Structure formats: structure tokens, C-alpha cells
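Numbering-wise, the UniProt record's numbering puts 19 at position 19 of the sequence shown, and it's gapless, one number per residue. Ideal Cβ positions, reconstructed from N, Cα and C, are used throughout, including at glycine. Remember, predicted model here, so these are calculated numbers, not experimental data. Here is the structure we will look at.
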Amino acid sequence: MELSKRQEQIIEIVKENGPITGEHIADRLSLTRATLRPDLAILTMAGFLDARPRVGYFFTGKTGSELLTEKIKKFKVHEYQSVPIVVKESVSVYDAISAMFLEDVGTLFVVDNNACLTGVLSRKDLLRASIGKQDLNDIPVHIIMTRMPNITVCRREDPLLEAAKKLIYKQIDGLPVIKDTDAGLEIVGRITKTTITKAFVELITDGHV
């Protein structure tokens, strides 16, 4: 978050004199309390300042990067998950390739008749299956997919940062967001590297620090 010159001045005043009331801050800057109110609100919501009734404003001691880190750690998977692209176990490799390119995704999730996760298909899986003379219409995806327990998953309430770490550590493009049911692991969403990138870009450009 880029601060204005006046907001930087406010922080310095609070650092040196806090706790200090809004009226006293306004006096030091030769401004009215009404003029100063939006800046104080922004700095408080951003986490640079904190306020206590009948006491005033005080500096939290946190830098912009520290506040950014705290904000990121609070993000949850369910806030950013997107619709999962799934195929049935019986679908052919040819149809899976078509689905992947039509949906413009890097990962397909394979489900059984109960819509529960049984496997994952990556572009590499489909590329390997395409090499050779075999008819891709005759090969069901369950033959080439990655199966449990070798599938990395996440859940709705997991921190988004932890999902990002899994993507990096496992060197994969996407994670299924799952829910535990009696029938198995129901897929309720997906998290991808693109999802993570969009979340962090929104955080910076919207000034949510």
C-alpha cells in the first residue's frame, strides 16, 4: 500500500506522541478533524494505527510488508476457489484431452459415480498417453491417472498460503478442494497457480494491506 505524504506525516506524529487523539493530530497538521478522518480510517483499517476510545491513536509498530504478510495468512481457500473441472473414470483419454483444452485448464479431476475424487490428470499424463499408435478413444482415463493416496488435496478452511506451498513443493498446477463424506472425498472446488496469482495481485492493486 502506497501512503500519501499526509498519511506518512500522521504515522510519524503518532509514533512520536501516541497515544494521541484525532483532534491533536489535526492541530499539528493545521487541518480540521473532518479533513483528517478519511486518512485516519485508512491507516487504522490497513493496520498501521490502532485506536482506543477515550485514549486515542497509537502506532502498531508494523511495517507495510509485515501487514501484507498478516493479511495473506488470513486468506482461506474457500474465498478464492473456483469451479472444479471433472471427468468420470470411464471417459476416454481422447475426451479428457478435449475437455482440458476446451476448459483451458492444466488439471482434470477424476471422479466415481458418487462424484468423489479417485484420480487426477495432468497435461503430462495426457501427453504421455498420446505418444504411440494406440487409439486414444479406447483408453479410459483411470488407466493413466494419478490415484490416491498420491493426490495432494486441500480443504475449504485451509489457509490459501498453505495451498500455495503445496503447489510449489509438489510442482503441480492445481489442487482439488475436497470435503469428507461417507462416500469418499467430494470435490467442491479447485485451487491453481493462476488462482494464487490473482489473489495476490488483487491484494496489492486494491490496497488491502
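Check your understanding: Going by Cα to Cα distance, which pick from 22, 104 and 108 is closest to residue 51?
Key -> Sequence index remark: in the sequence shown, residue 51 carries index 51 (1-based). Checking every option, the nearest Cα to that of residue 51 belongs to 22.
Practice item. Write down every uninterrupted run of the beta strand (DSSP E) in the segment 119-159 whose length is 3 residues or greater and which is fully enclosed by it, in chain order. Key: none
Point to revise | Beta-carbon proximity of residue 178 to residue 187, cut-off 8 Å | key: Here residue 178 refers to the residue found at position 178 when the sequence shown is read from its first residue. Here residue 187 refers to the residue found at position 187 when the sequence shown is read from its first residue. For residue 178 and residue 187, yes; Cβs fall inside 8 Å.
Review point. How is residue 101 classed by DSSP in three states: helix, strand or coil?
Key: The residue given as residue 101 occupies position 101 in the sequence shown. Note: residue 101 maps to helix in three-state DSSP.
Point to revise | residue 87 burial status per 10 Å Cβ neighbour count (16 or more: buried) | key: Taking the first residue of the sequence shown as position 1, residue 87 is located at position 87. Answer is buried; the Cβ neighbour count reaches 16.
Exercise for review: Kindly indicate which three-state DSSP category residue 27 falls into: helix, strand or coil?
Suggested key: On the sequence shown, residue 27 is found 27 positions in, with the first residue counted as 1. Looking at residue 27 - three-state DSSP - the assignment turns out to be helix.
Practice item. Look at the alpha carbon of residue 95 and the alpha carbon of residue 47, and state the distance between them as a whole number of angstroms. Key: For the purposes of this step, residue 95 is identified with residue 95 of the sequence shown, where counting begins at 1. For the purposes of this step, residue 47 is identified with residue 47 of the sequence shown, where counting begins at 1. Rounded to whole angstroms, residue 95 to residue 47 spans 50 Å at the Cα level.
Review point. Can you tell me whether residue 207 is buried or exposed, with buried defined as 16 or more other CB within 10 angstroms of its CB?
Key: Indexing the sequence shown from 1 puts residue 207 at position 207. In this predicted model, residue 207 has a pLDDT of only 48, less than 50, meaning its place in the structure is not dependable; the value taken from the coordinates is given anyway. With fewer than 16 Cβ atoms within 10 Å of its Cβ, residue 207 is classed as exposed.
**Study point:** CA-to-CA distance, residue 195 to residue 82, given in whole angstroms
**Key:** Residue 82 sits at position 82 when you count from the first residue of the sequence shown. Residue 195 sits at position 195 when you count from the first residue of the sequence shown. In a straight line, the C-alpha of residue 82 is about 8 Å away from that of residue 195.
Practice item. With a cut-off of 8 Å on the beta carbons, I'd call residue 153 and residue 175 a contact; round off their distance for me. Key: Residue numbering aside, residue 153 sits at position 153 when the sequence shown is read from its first letter. Residue numbering aside, residue 175 sits at position 175 when the sequence shown is read from its first letter. Between residue 175 and residue 153 the Cβ distance is about 6 Å, and since that is below 8 Å, they are a contact.
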